[in-house]
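Trainee: Right, I'll just put the structure down here and ask away after.
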Amino acid sequence: MRGHLTTRDVQSDMFWNTAMETISAADLEALQIKRLKWTLHQTQNVALYRSKLKEAGVAPGDIKTLEDAAKLPFTTKKELQAGYPFGLLAVPLRQIVRIHTTSGTTGKPTVVGYTRGDLESWSELIARNLVMVGLSDEDVFQNAVNYGLFTGGLGFHYGAEKVGMTVVPSATGNTQRQIEMIEDFGVTAIHCTPSYAMHLAEVAESTGAELATLKTGIFGAEPWSESMRSELEGRLGVTAFDSYGLSEMYGPGVAFECPERDGLHIWHDSYLVEIIDPATGEVLGPGERGELVITPLVKEAMPLLRYRTGDITMLMEEDCPCGRGRKIARITGRSDDMLVIRGINVFPSQIEHVLLGLPEVGEQFMVYIDRVKHLDEMTIEVEMSRAGFSGELQDLARIQKHVAGALHNALGLRTTVKLVEPGSLPRFEGKARRIVDRRGAL
Amino acid sequence: MEKSYIIKQISIFSENRPGRLAAVAGALKEAGINIFAFSIAEADGFGVVRALVDRPEDAHRRLTDLGFRVSFTDVIGVKMRDEPGGLSEIAGVLGDAAINIEYAYAYSGRDAAVLILRVDQVEDAIRKILGSGGELLKASTFH
Ligand SMILES: [Zn+2]
Numbered sequence: 001m002r003g004h005l006t007t008r009d010v011q012s013d014m015f016w017n018t019a020m021e022t023i024s025a026a027d028l029e030a031l032q033i034k035r036l037k038w039t040l041h042q043t044q045n046v047a048l049y050r051s052k053l054k055e056a057g058v059a060p061g062d063i064k065t066l067e068d069a070a071k072l073p074f075t076t077k078k079e080l081q082a083g084y085p086f087g088l089l090a091v092p093l094r095q096i097v098r099i100h101t102t103s104g105t106t107g108k109p110t111v112v113g114y115t116r117g118d119l120e121s122w123s124e125l126i127a128r129n130l131v132m133v134g135l136s137d138e139d140v141f142q143n144a145v146n147y148g149l150f151t152g153g154l155g156f157h158y159g160a161e162k163v164g165m166t167v168v169p170s171a172t173g174n175t176q177r178q179i180e181m182i183e184d185f186g187v188t189a190i191h192c193t194p195s196y197a198m199h200l201a202e203v204a205e206s207t208g209a210e211l212a213t214l215k216t217g218i219f220g221a222e223p224w225s226e227s228m229r230s231e232l233e234g235r236l237g238v239t240a241f242d243s244y245g246l247s248e249m250y251g252p253g254v255a256f257e258c259p260e261r262d263g264l265h266i267w268h269d270s271y272l273v274e275i276i277d278p279a280t281g282e283v284l285g286p287g288e289r290g291e292l293v294i295t296p297l298v299k300e301a302m303p304l305l306r307y308r309t310g311d312i313t314m315l316m317e318e319d320c321p322c323g324r325g326r327k328i329a330r331i332t333g334r335s336d337d338m339l340v341i342r343g344i345n346v347f348p349s350q351i352e353h354v355l356l357g358l359p360e361v362g363e364q365f366m367v368y369i370d371r372v373k374h375l376d377e378m379t380i381e382v383e384m385s386r387a388g389f390s391g392e393l394q395d396l397a398r399i400q401k402h403v404a405g406a407l408h409n410a411l412g413l414r415t416t417v418k419l420v421e422p423g424s425l426p427r428f429e430g431k432a433r434r435i436v437d438r439r440g441a442l
Numbered sequence: 443m444e445k446s447y448i449i450k451q452i453s454i455f456s457e458n459r460p461g462r463l464a465a466v467a468g469a470l471k472e473a474g475i476n477i478f479a480f481s482i483a484e485a486d487g488f489g490v491v492r493a494l495v496d497r498p499e500d501a502h503r504r505l506t507d508l509g510f511r512v513s514f515t516d517v518i519g520v521k522m523r524d525e526p527g528g529l530s531e532i533a534g535v536l537g538d539a540a541i542n543i544e545y546a547y548a549y550s551g552r553d554a555a556v557l558i559l560r561v562d563q564v565e566d567a568i569r570k571i572l573g574s575g576g577e578l579l580k581a582s583t584f585h
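Taken in sequence, the protein lines are chains A and C.
Reminder that position 412 of the first sequence reads as 412 in the numbering used here, one-by-one numbering, no gaps.
Reminder that position 66 of the second sequence reads as 508 in the numbering used here, one-by-one numbering, no gaps.
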């Protein structure tokens with residue numbers, strides 16, 4: 001199985017593994033089925049999955065096609081936490097060569113184990129990503145993320161070494177020193193969180209450092225917007241790429257932007273991807289936004305079945321000009337934030353996206369949900385923008401209608417839009433609490 | 443010639459909630475700006491406060507600094523004769539010329555009632571009203 005993953009293709013510049021990155025639909029399906037069966041087999045070494053399958057009335061042998069995967073039970077983060085520390089491992093500890101943990105912000109952390117094969121597969125995927133964005137053994141790569149239990153450090157480190165890049169394991173902190181390293185070593189590519197990149201840009205500007213050699217920025221581990229992209233690109237002089245991953249799936253490298261920077265390629269030979277309605281669990285088609293569910297196909301130490309990532313995205317409908325497989329959209333939120341209004345799923349990020357596209361209103365908003373005569377009513381308050389006010393009442397009514405129309409298009413839901421004075425809505429630091437659900441209160 | 447009759451009204455976006463009007467009036471008073479006329483137009487949840495003041499530029503700057511959305515609107519002021527039928531006469535003159543009155547509000551001027559009009563073709567309206575013997579206030583009356 002490992003042989004498939006690690007074939008280095010030397011003919012092509014922007015591909016690390018052309019055969020796998022441009023695999024035909026039919027070959028991919030056959031490969032996915034084969035690997036799904038192997039994964040199911042592997043999960044049977046874990047008590048949790050034996051009992052979950054039993055409970056679902058599914059035997060590993062029942063899964064014959066990819067569609068059959070929908071019969072399998074979901075796995076949740078809670079279940080992984082309950083298995084702390086080693087309850088989810090499918091191999092004996094002597095085959096585990098490394099462990100990482102997820103940040104334990106809520107309850108116990110999740111322990112992720114890696115076999116030697118897992119580390120090999122993981123660096124293979126990172127290598128694909130780096131080569132996909134045009135990096136090669138000519139590049140000097142500064143890995144400015146936390147090394148240690150966090151997966152971002154070592155994950156990228158070994159992937160970049162595999163490509164043959166000159167790796168600077170700068171880790172985090174001491175920004176002044178980070179800037180010196182970029183300048184002294186002629187660093188061409190940097191990997192860090194988008195917020196640290198912003199900080200780096202500020203410090204570089206204040207000290208007059210030009211960072212002239214830097215051309216590629218890889219940003220992940222936090223959500224970041226398109227406006228942040230243009231700001232980072234302008235200030236650091238880089239082309240910025242979005243990196244997606246989660247520790248449960250090795251870490252970073254699960255999905256990555258190609259030079260088109262219109263969605264992320266997710267590596268279908270290693271991850272079976274489904275998008276589900278977070279409320280019902282129903283599988284959604286391309287173009288429909290929902291929660292990303294992943295069944296890893298090559299994970300040895302910690303196999304997972306239909307793991308609910310909690311991240312909101314969709315499978316994109318269009319093929320990518322770069323020739324790789326189906327992309328997912330950039331992550332637009334967490335399924336925990338989802339609202340169900342009159343049976344329709346609404347994500348606050350969708351509202352934000354609509355408002356960003358309307359210059360006559362600001363980007364701040366508040367959502368109020370009430371139940372009026374057994375019907376959910378959603379009221380959205382938006383601020384008038386500087387540009388939006390002509391002085392005429394009928395123009396205000398027109399703006400109100402326009403905003404409600406745009407929201408209706410995006411959400412499939414009629415809402416009441418209220419225009420409020422600029423600066424009158426609350427500003428949030430960090431996690432915004434823009435939703436006031438008053439349906440429960442009576 | 444017509445331009446001297448165009449009066450600069452300030453229009454202020456306001457939510458329909460208590461205290462907003464007082465906030466506008468208070469800010470202008472504090473800046474020593476005189477308000478000649480004042481009107482409020484309301485729709486669903488929000489409104490526009492319209493005001494004729496002696497220093498519209500100052501009022502605009504002052505209110506904008508306070509975070510209000512403000513814009514200028516061109517209006518005209520028609521002196522109403524103290525006799526029946528004055529309003530319908532004006533409306534007739536403008537209607538014949540296919541000029542729309544978008545809104546109107548009255549205030550009591552020094553020696554006669556004044557009707558403030560917002561029309562869609564302001565210079566045409568000025569010509570027609572003057573041509574039919576109507577009396578308009580000069581902008582210099584206010585500013
Ligand atoms: Zn692509």
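Beta carbons are placed, not taken as given, at the ideal position from N, Cα and C, and that holds for glycine.
On the three-state DSSP scale, how would you describe His128 (chain A)?
Mentor: In the sequence as presented, His is not what sits at residue 128 (chain A); that position holds Arg. Three-state result, Arg128 (chain A): helix.
Trainee: Could you have a look at His585 (chain C) and say whether DSSP puts it in helix, strand or coil?
Mentor: Reduced to three states, the DSSP call for His585 (chain C) is coil.
Trainee: When you get a sec, list the residues whose CB is within less than 6 Å of any heavy atom of ligand 1, chain order please.
Mentor: Checking every Cβ against the heavy atoms of ligand 1 under 6 Å gives A:Cys258, A:Glu260, A:His265, A:Cys320, A:Cys322, A:Arg324.
Trainee: Which residues in the same chain have their Cβ closer than 8 Å to the Cβ of Ala171 (chain A), if we skip the five residues on either side of it in sequence?
Mentor: Excluding sequence neighbours, Ala171 (chain A) sits near Asn143, Ala144, Val145, Asn146, Tyr147, Gly153.
Trainee: Lys418 (chain A) versus chain C: which residues are under 7 Å apart at the beta carbon?
Mentor: Going along chain C in sequence order, the residues near Lys418 (chain A) (Cβ under 7 Å) are Gly487.
Trainee: Compile a chain-ordered list of the residues in the region 335-366 of chain A whose CB is closer than 8 Å to at least one CB of chain C.
Mentor: So nothing in the stretch comes that close.
Trainee: Quick one: Cα of Met451 (chain A) to Cα of Val140 (chain A), how far?
Mentor: One cannot answer for residue 451 (chain A) here, as it falls past the ends of chain A, which runs 1 to 442.
Trainee: Please name the residue, chosen from A:Val403, A:Arg371, A:Leu305, A:Thr416, that lies closest to Leu88 (chain A) on a Cα-to-Cα basis.
Mentor: The candidate whose alpha carbon is nearest that of Leu88 (chain A) is A:Leu305.
Trainee: Could you compute how far the alpha carbon of Leu499 (chain A) sits from the alpha carbon of Ala47 (chain A)?
Mentor: What the structure shows of chain A is the stretch from 1 to 442, and residue 499 (chain A) is not part of that stretch, so it cannot be assessed.
Trainee: Considering Cα atoms alone, identify which of A:Arg334, A:Leu375, A:Cys320 is closest to Ile328 (chain A).
Mentor: Looking at the Cα atoms, A:Cys320 is the closest of the given residues.
Trainee: Output the distance between the C-alpha atoms of Thr365 (chain A) and Arg35 (chain A), rounded to the nearest integer angstrom.
Mentor: The sequence shown places Phe at residue 365 (chain A), rather than the Thr named in the question. If I take the Cα positions, the gap works out to 45 Å.
Trainee: Within 7 Å (strictly less), CB to CB, does Phe455 (chain C) reach chain A?
Mentor: By this cut-off, Phe455 (chain C) is an interface position.
Trainee: Using only the alpha-carbon positions, how far apart do Ser225 (chain A) and Asp262 (chain A) sit?
Mentor: Those two C-alpha atoms are separated by around 13 Å.
Trainee: Does the Cβ-Cβ distance between Lys570 (chain C) and Ala548 (chain C) come in under 7 Å?
Mentor: Going by C-beta atoms, Lys570 (chain C) is not nearer than 7 Å to Ala548 (chain C).
Trainee: Which one of A:Val203, A:His268, A:Val340, A:Arg235 has the shortest CA to CA distance from Arg177 (chain A)?
Mentor: When each option's Cα is compared against that of Arg177 (chain A), the closest is A:Val203.
Trainee: Counting only Cβ pairs nearer than 8 Å, list the residues of chain A close to Val490 (chain C).
Mentor: Result: Gly391, Glu392, Leu393, Leu396.
Trainee: How is the alpha helix (DSSP H) around Glu226 (chain A) delimited, first residue to last?
Mentor: Unbroken alpha helix (DSSP H) run through Glu226 (chain A): 226-236.
Trainee: Could you list the residues in the region 509-528 of chain C with a C-beta less than 9 Å from some C-beta on chain A, going in chain order?
Mentor: So the list reads Gly509, Phe510, Arg511, Val512, Ser513, Phe514, Thr515, given in the order they occur along the chain.
Trainee: Using only the alpha-carbon positions, how far apart do Thr43 (chain A) and Lys52 (chain A) sit?
Mentor: For Thr43 (chain A) and Lys52 (chain A), the distance between alpha carbons rounds to 10 Å.
Trainee: Can you tell me whether Asn409 (chain A) is helix, strand or coil according to DSSP?
Mentor: DSSP places Asn409 (chain A) in helix when its eight states are reduced to three.
Trainee: Output, in sequence order along the chain, the residues in the region 551-570 of chain C whose CB is closer than 9 Å to any CB in chain A.
Mentor: Those would be Arg560, in chain order.
Trainee: Tell me the DSSP secondary structure of Ser426 (chain C) in three-state form.
Mentor: This structure gives no information on residue 426 (chain C), because the portion of chain C shown stretches from 443 to 585.
Trainee: What is the DSSP secondary structure of Met249 (chain A), reduced to helix, strand or coil?
Mentor: Residue state, collapsed to three classes: helix.
Trainee: Assign Arg427 (chain A) to one of two classes, buried (16 or more other C-beta atoms within 10 Å of its C-beta) or exposed (fewer than that).
Mentor: Looking at its Cβ environment, which holds fewer than 16 other Cβ atoms inside 10 Å, Arg427 (chain A) is exposed.
Trainee: Nearest-angstrom Cα distance between Ala301 (chain A) and Glu124 (chain A)?
Mentor: Going from the Cα of Ala301 (chain A) to the Cα of Glu124 (chain A) covers about 17 Å.
Trainee: Does any CB atom of chain C fall closer than 7 Å to the CB of Met378 (chain A)?
Mentor: Answer no: the Cβ-Cβ gap between Met378 (chain A) and chain C never drops below 7 Å.
Trainee: Does the beta carbon of Leu419 (chain A) fall short of 6 Å from some heavy atom of ligand 3?
Mentor: Among the ligands modelled here, namely ligand 1, ligand 3 does not occur.
Trainee: Rounded to whole angstroms, what is the Cα-Cα separation between Met384 (chain A) and Pro359 (chain A)?
Mentor: Rounded to the nearest angstrom, the two C-alpha atoms are 9 Å apart.
Trainee: Can you look up Glu338 (chain A) in the DSSP assignment and give me helix, strand or coil?
Mentor: Inspection of the sequence shows that residue 338 (chain A) is occupied by Met rather than by Glu. Of the three classes helix, strand and coil, the one that applies to Met338 (chain A) here is coil, per DSSP.
Trainee: Taking only beta-carbon atoms, is Gly423 (chain A) less than 7 Å away from chain C?
Mentor: Output row for Gly423 (chain A): interface = yes.
Trainee: Excluding five sequence neighbours on each side, which residues of the same chain lie with their C-beta closer than 6 Å to the C-beta of Cys192 (chain A)?
Mentor: Around Cys192 (chain A): Ala144, Val145.
Trainee: Compute the beta-carbon to beta-carbon distance between Arg438 (chain A) and Tyr368 (chain A), rounded to the nearest angstrom, for a pair I have assumed lies under 8 Å.
Mentor: Between Tyr368 (chain A) and Arg438 (chain A) the Cβ distance is about 7 Å, and since that is below 8 Å, they are a contact.
Trainee: Within the region 287-346 of chain A, note down every full beta strand (DSSP E) run reaching 3 residues or more, in order along the chain.
Mentor: DSSP runs (the beta strand (DSSP E)) wholly in the region 287-346 of chain A: 290-296, 307-313, 339-341, 344-346.
Trainee: Taking DSSP's pairing of strands, which residues face Glu457 (chain C) in a bridge?
Mentor: Answer is C:Phe488, bridged to Glu457 (chain C).
Trainee: Looking at the unbroken beta strand (DSSP E) that takes in Ile369 (chain A), where does it start and where does it end?
Mentor: Here the beta strand (DSSP E) through Ile369 (chain A) covers 361-372.
Trainee: Please name the residue in A:Ile344, A:Glu210, A:Met228 whose C-alpha comes closest to that of Ile218 (chain A).
Mentor: Nearest of A:Ile344, A:Glu210, A:Met228 to Ile218 (chain A), Cα basis: A:Met228.
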